[in-house]
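Enquirer:
2 protein chains.
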Amino acid sequence: MTTNQADDALLALAQSFREALRQSVYVMRRLDSEEQLSSAQLGVLKMALDGGARVGGIARNLGVKVPSATEQIIKLERAGLVKREADPDDSRAVRVAATPAGRAAVENADRRRNEFIAGILGTLSQAERDAVQAALPVFDKINNSVQN
Amino acid sequence: MTTNQADDALLALAQSFREALRQSVYVMRRLDSEEQLSSAQLGVLKMALDGGARVGGIARNLGVKVPSATEQIIKLERAGLVKREADPDDSRAVRVAATPAGRAAVENADRRRNEFIAGILGTLSQAERDAVQAALPVFDKINNSVQN
DNA sequence: TCCTAACAGTTAGGATACCTAAATATCAAG
DNA sequence: CTTGATATTTAGGTATCCTAACTGTTAGGA
Chain B
606 MTTNQADDAL LALAQSFREA LRQSVYVMRR LDSEEQLSSA QLGVLKMALD GGARVGGIAR
666 NLGVKVPSAT EQIIKLERAG LVKREADPDD SRAVRVAATP AGRAAVENAD RRRNEFIAGI
726 LGTLSQAERD AVQAALPVFD KINNSVQN
Chain C
606 MTTNQADDAL LALAQSFREA LRQSVYVMRR LDSEEQLSSA QLGVLKMALD GGARVGGIAR
666 NLGVKVPSAT EQIIKLERAG LVKREADPDD SRAVRVAATP AGRAAVENAD RRRNEFIAGI
726 LGTLSQAERD AVQAALPVFD KINNSVQN
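From first to last, the protein sequence lines are chains B and C. The first sequence begins at 606 in this note's numbering and counts up by one. The second sequence begins at 606 in this note's numbering and counts up by one.
#1: Counting only Cβ pairs nearer than 8 Å, list the residues of chain B close to Lys746(C).
#2: Against chain B, with Cβ distances strictly below 8 Å, would Gly648(C) count as a contact?
#3: Below 8 Å on the Cβ atoms is my contact criterion, and I expect Val701(B) with Arg689(B) to pass it. Report the Cβ-Cβ distance as a whole number of Å.
#4: Val751(B) CB to nearest chain C CB: under 8 Å?
#5: Given Gly756(C), which residues of its chain have a CB within under 7 Å of its CB, disregarding the five upstream and five downstream residues?
#6: Please confirm whether Gln628(B) has its beta-carbon closer than 8 Å to some beta-carbon of chain C.
#7: Express the C-alpha separation of Ala723(C) and Leu616(B) in angstroms, rounding to a whole number.
#8: To which residues of the same chain is Gly662(B) closer than 8 Å at the C-beta, ignoring the five residues directly before and after it?
#9: Hey, would you say Phe721(C) sits closer than 8 Å to Leu626(C), going by beta carbons?
#10: Does the region 726-736 of chain C come close enough to the region 703-711 of chain C to have 3 or more Cβ pairs within less than 8 Å?
#11: Buried or exposed, going by whether 16 or more other CB atoms sit within 10 Å of the CB of Ile679(C)?
#12: Spell out whether any CB of chain B is found under 8 Å from the CB atom of Gln610(C).
#13: Establish whether the CB of Gly661(B) and some CB of chain C are separated by less than 8 Å.
#14: Go through its chain and collect everything with a Cβ distance to Thr675(B)'s Cβ below 7 Å, but skip five positions before and after it.
#15: Which class does Val687(C) belong to by DSSP, given the choice of helix, strand or coil?
#16: Within its chain, find whatever has a CB closer than 6 Å to the CB of Ala645(C); leave out the 5 residues flanking it on each side and keep chain order.
#17: Three-state secondary structure (DSSP) at Ala714(B)?
#18: Counting C-beta neighbours from all protein chains within 10 Å, is the total for Arg716(C) 16 or more, i.e. buried, or is it exposed?
#19: Among the candidates Ile725(C), Glu624(C), Glu712(C), whose CA atom is the shortest distance from the CA of Asp612(B)?
#20: Give the DSSP-derived three-state secondary structure of Arg734(C) in the structure shown.
#21: So, are the CB atoms of Ala614(B) and Ala740(C) less than 8 Å apart?
#22: So, for Gln628(C): in the same chain, excluding its five sequence neighbours on each side, which residues have a beta-carbon less than 7 Å away from its beta-carbon?
#23: Closer than 9 Å by beta-carbon distance: list the chain C residues that pair up with Asn713(B), in chain order.
#24: Strictly under 8 Å for the Cβ-Cβ distance: is Leu615(C) near chain B by that measure?
#25: Anyone know if the C-beta pair for Gly648(B) and Leu667(B) falls short of 8 Å?
#26: From Pro742(B) to Asn748(B), what distance separates their C-alpha atoms?
#27: Does any CB atom of chain C fall closer than 8 Å to the CB of Ala625(B)?
#28: Give the C-beta separation of Val751(B) and Val632(C) to the nearest angstrom, bearing in mind that I take them to be a contact with Cβ-Cβ under 8 Å.
#29: For a test of the three-state rule: what should DSSP assign to Val669(B), helix, strand or coil?
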């Protein structure tokens, strides 16, 4: 039946997709292992760049629970990369802002990581890069589905 | 200059790609959180299906160090999903083989995870699925580059 | 034959990131 | 002014990974 064929194709794609996911985790780990700033911390730091991210928002955006975000924020604070200050409008809340050192750290980390990945992407054919390019927005969409 | 333009494009693609990687980690975590078998364990178990995977091979294939593989293997053994036996040809080595229960566990876990992902893929347009499909081999290639 | 270097795996110890539950403080509505 | 909801932190625990050190086996000379 047509439906089952469609399902089978979908399941086969899902299987391959899962394989790619597993690999992504591995690539991410490699990327992290060469750096001082973990990707979790880099994620927090980037959200603190605009000057007033709240802990809950950071956690939501990062796909982790609030205590996990707090943990990273504390580490960054101890490293002098962000500062925490009371939200003037809501004393329950905390605003996390990158310090100048934090800003510099983001730029450095981002650049190095991008160069590493760009180095790999540079070995691909243009068609392959186009394929990646075309898939990225879809990945974004998939993530949002999962985010739920 | 042409070279710099190409570099810039590559770096921009790298940036987007990294964003997708970050999301992948998140999706993977979600996928894992709903299951009994972690994806690390599922990976080990799959390699044990053919009956005689060695610890070192499993570690290499999984992109982790040998002690990390051992750790997962021990957990699987305690759960009755694999058994360890001496390699008849080389007494230093250990052969890891899935038990019938292990085999069943893989099938179950794989099916459930594939269905979860297929459910998401099913909400996409055909063009979007094609884009994913086309990008998967490239992801594979990128992974192999990183594996180094 | 025996020694030694290389190799396969396990054990021990430690780091990191994540989670849930409980505690603290503030806000907002009645 | 009380009470329930909200924002964050603290406490405690889990999983995965890592490096270094240890045990046992193999293989290639001297």
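Glycine is no exception: its CB is placed at the ideal position from the N, C-alpha and C atoms.
Expert: A quick look at the data gives this:
#1: Leu729, Glu733
#2: yes
#3: 6 Å
#4: yes
#5: Since the first residue of chain C shown is 606 and the last is 753, residue 756(C) is not available in this structure.
#6: yes
#7: 5 Å
#8: Met652
#9: no
#10: no
#11: exposed
#12: no
#13: no
#14: Val660
#15: strand
#16: Gln677
#17: helix
#18: exposed
#19: Ile725(C)
#20: helix
#21: no
#22: none
#23: Ordered by position in chain C, no residue passes the 9 Å Cβ test against Asn713(B), which lies about 14 Å from the chain.
#24: yes
#25: yes
#26: 10 Å
#27: yes
#28: 5 Å
#29: coil
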